[in-house]
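Chains A and B, in that order, give the protein sequences.
Per numbering that gives the first Met the number 0, the very first residue in the first sequence carries number 0; after that it's consecutive.
Per numbering that gives the first Met the number 0, the very first residue in the second sequence carries number 0; after that it's consecutive.
Using N, Cα and C, we set each Cβ at its ideal position, and we do this for glycine too.
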Amino acid sequence: MDDRQTASTSEASDARLVVRDLQCRRGERVLFAPVSFVVCAGAIVWIRGANGQGKTTLLRTLAGLSAPAVGELAWAGAPALPPRPLYLAHANALKDDLTVGESLRFLLHLGGHHVDSQLVDAALERFGLASRCDAFVRTLSQGQRRRVALARLAAQRELLPWLLDEPFDALDAAGVETLSAVIAAHARRGGSVVLTSHLPVAIDDPSPIVVQLHEPATA
Amino acid sequence: MSGTFAVLVGRDLRLAARRRIDAALPIAFFTVAISLFPLGVGPEPQMLRQIAPGVVWVAALLAAMLSVTQLYATDLADGSLEQMLLVPGGRLAIVVAKAASHWLLTGLPLAVAAPVFGLLFDMAPAAIGALVASLVLGTPVLSLLGGLGAALTLGLRSGAVLLILIIVPLCIPALIFGAGAVAAVDAGQSARGHYSLLGAVLIFTAVLAPVATAAALRIATE
């Protein structure tokens, strides 16, 4: 249940996310038994659990959108400012009435990037959507919309922690391969990734640490 | 934060430009509502001149209330709101940006179109000027308070009704001072007092409403 092993290869005191005895609540219900883990630089943490176990709520708590019910999460390694994680929700955050290029630009602006056409084009190219840059989002399929949302990852130069909620959803085999490669590259450069996925995560280097969410103990 | 603000306002304006018919709805409502009054109460010029400020202001208030109900709802539904809230300073930026874009798309067009309705009601030029000035000062208050209502009722099923019940009473001072300013000018008196009070309401709202709205957004997305 506890997983304190780390796959970190770097000795530097990079920011680590330390989660201690965390429990999240949705309404009146406590979702899972207390969970503790450490996300080091260069690590991939794969959060697993049954449907409704609280994986999304846990990610939202790690992102700072909700407060935990019990326990604490903290950034260790004495960074000047706790790094702002990149949170990719289950919803794509795309507006139907904007083009692919405009949507990605908007999301990158929010992420604090200096946005130029090169950055946008390169990101779309990585996820195979360069040809649809001027298409309206409402003309795209579910899988294509997912790719647009994921294209933000390809534009990342900073080593932010990534919090990805079901990132492989709706992707075809080629998309899954591209995303796995992008995640692995980020981890190898020293960034950290926390993700949930029902499909097996086909990344070998670094190998994902599994954190399993369990039912909370009754009484 | 100003960069985030500019990006958010730009996005909302661009989205409105892509849905021009929907964006024109508040103005259409405003026009229809005002045009009904001469038909309903009779065409007597003296009476129309008297009720004109109140009618225009009430119609502006109702148009603002009807157009804020979905202010945050679409962004909540497609996940954009979460992403905006994750930006440092994002909560305040999105509140101010939404109020600003709502005012640019609703309040400002109303203030610009007001002279036409002033002529419809046979108002004196000085009164029309006062009407436009009071709308320019007062419609931002409506946008800010409307944004507060939208955040408070975010995610509720009968949110629109609740929003109107909560926010319309808060808008009454702006309504009274705004319409009162025009009535004062029409009666030949100075409207300075009314403008000052209206300006004070605007400053008060501009300081308090964004903070309250940001808190409401936090609760709604927790």
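Using alpha carbons as the reference points, say which of A:A186, A:E165 and A:A134 lies closest to L198 of chain A. Taking the first residue of the first sequence as position 1, residue 198 of chain A is located at position 199. Ranking the options by Cα distance to L198 of chain A, first place goes to A:E165.
Given this structure, state the Cα-to-Cα distance separating F69 of chain A from P33 of chain A, to the nearest angstrom. Reading the first sequence from its first residue, position 70 is the one you call residue 69 of chain A. Reading the first sequence from its first residue, position 34 is the one you call residue 33 of chain A. Contrary to the premise, residue 69 of chain A reads as Val rather than Phe in this sequence. Near 8 Å, if we compare the C-alpha coordinates of P33 of chain A and V69 of chain A.
Same chain, Cβ closer than 8 Å to A129 of chain A, neighbours up to 5 away in sequence not counted: Residue mapping note: residue 129 of chain A aligns to position 130 of the first sequence, counting from 1. Result list for A129 of chain A: D120 and L123, in chain order.
Output needed for E221 of chain B: all residues of its chain with C-beta closer than 6 Å, excluding positions within five of it in sequence on either side, in chain order. Walking along the second sequence from the start, residue 221 of chain B turns up at place 222. Nothing meets the Cβ criterion.
Residue nearest to Y71 of chain B in terms of C-alpha spacing, selected from B:I202, B:S142 and B:A182: Sequence index remark: in the second sequence, residue 71 of chain B carries index 72 (1-based). Y71 of chain B has its Cα closest to that of B:S142, out of B:I202, B:S142 and B:A182.
Kindly indicate which residue of B:A150, B:P87, B:P209 and B:L103 has the alpha-carbon position closest to the one of L134 of chain B. Here the question's residue 134 of chain B lines up with position 135 in the second sequence. If we check each option's Cα against that of L134 of chain B, B:L103 comes out closest.
Amino acids of chain B, ordered along the chain, whose beta-carbon sits closer than 9 Å to that of R83 of chain A: The count along the first sequence starts at 1 and reaches residue 83 of chain A at position 84. Neighbours of R83 of chain A on chain B, chain order: L85, V86 and P87.
Interface residues of the segment 62-79 of chain B facing chain A [CB-CB below 7 Å]: D77, G78 and S79
Can F28 of chain B and I50 of chain B be called in contact, C-beta distance under 8 Å? The residue you call residue 28 of chain B lines up with position 29 of the second sequence. The residue you call residue 50 of chain B lines up with position 51 of the second sequence. Cβ distance not < 8 Å, so F28 of chain B and I50 of chain B don't count as in contact.
Just the Cα atoms here: how many angstroms apart are P160 of chain A and A62 of chain B? Within the first sequence, numbered from 1, the residue matching residue 160 of chain A stands at position 161. Within the second sequence, numbered from 1, the residue matching residue 62 of chain B stands at position 63. So the two alpha carbons sit approximately 44 Å from each other.
Which residues share a DSSP beta bridge with A32 of chain A? Residue mapping note: residue 32 of chain A aligns to position 33 of the first sequence, counting from 1. The partner list for A32 of chain A (beta bridge, DSSP) is empty, contrary to what the question assumes.
Cutoff 7 Å; reference A123 of chain B; Cβ partners in own chain excluding five residues on either side: To locate residue 123 of chain B, count along the second sequence from 1; it is residue 124. Closer than 7 Å at the Cβ level, and outside the excluded window around A123 of chain B, lie D185.
Is V140 of chain B near the ligand FAD, in the sense that its beta carbon is under 7 Å from a heavy atom of that ligand? Looking at this structure, you won't find the ligand FAD or any other ligand, since it has none at all.
C-beta atoms of G78 of chain B and N50 of chain A nearer than 8 Å: On the second sequence, residue 78 of chain B is found 79 positions in, with the first residue counted as 1. On the first sequence, residue 50 of chain A is found 51 positions in, with the first residue counted as 1. In this structure, N50 of chain A does not lie closer than 8 Å to G78 of chain B by Cβ.
Please work out which residues of its chain come closer than 6 Å, Cβ to Cβ, to G190 of chain A, disregarding the five sequence neighbours upstream and downstream, and give them in chain order. As a first step, residue 190 of chain A is located in the first sequence; it is residue number 191 there, counting from the start. The residues are L158.
Please list the partners that R17 of chain B has in chain A, where partner means a Cβ-to-Cβ separation under 7 Å. Taking the second sequence and counting its residues from 1, the one referred to as residue 17 of chain B is at position 18. Here the neighbours are D96.
Cβ-Cβ distance between G88 of chain B and G137 of chain B below 8 Å: For the purposes of this step, residue 88 of chain B is taken as residue 89 along the second sequence, with counting starting at 1. For the purposes of this step, residue 137 of chain B is taken as residue 138 along the second sequence, with counting starting at 1. No, Cβ-Cβ distance for G88 of chain B and G137 of chain B is not below 8 Å.
Would you say A122 of chain A faces chain B, with C-beta separation under 8 Å as the test? Taking the first sequence and counting its residues from 1, the one referred to as residue 122 of chain A is at position 123. So, not an interface residue.
Does the CB of T212 of chain B have a neighbour CB from chain A at under 8 Å? Working through the second sequence from its first residue, we reach residue 212 of chain B at position 213. Chain A contact via Cβ: absent.
Closest residue to P25 of chain B among B:S66, B:V57 and B:L153 (Cα-Cα distance): Along the second sequence, one-based indexing puts residue 25 of chain B at 26. For P25 of chain B, the nearest C-alpha among the options comes from B:S66.
Check whether L47 of chain B and F120 of chain B have beta carbons under 8 Å apart: Working through the second sequence from its first residue, we reach residue 47 of chain B at position 48. Working through the second sequence from its first residue, we reach residue 120 of chain B at position 121. Result yes, Cβ atoms of L47 of chain B and F120 of chain B sit closer than 8 Å.
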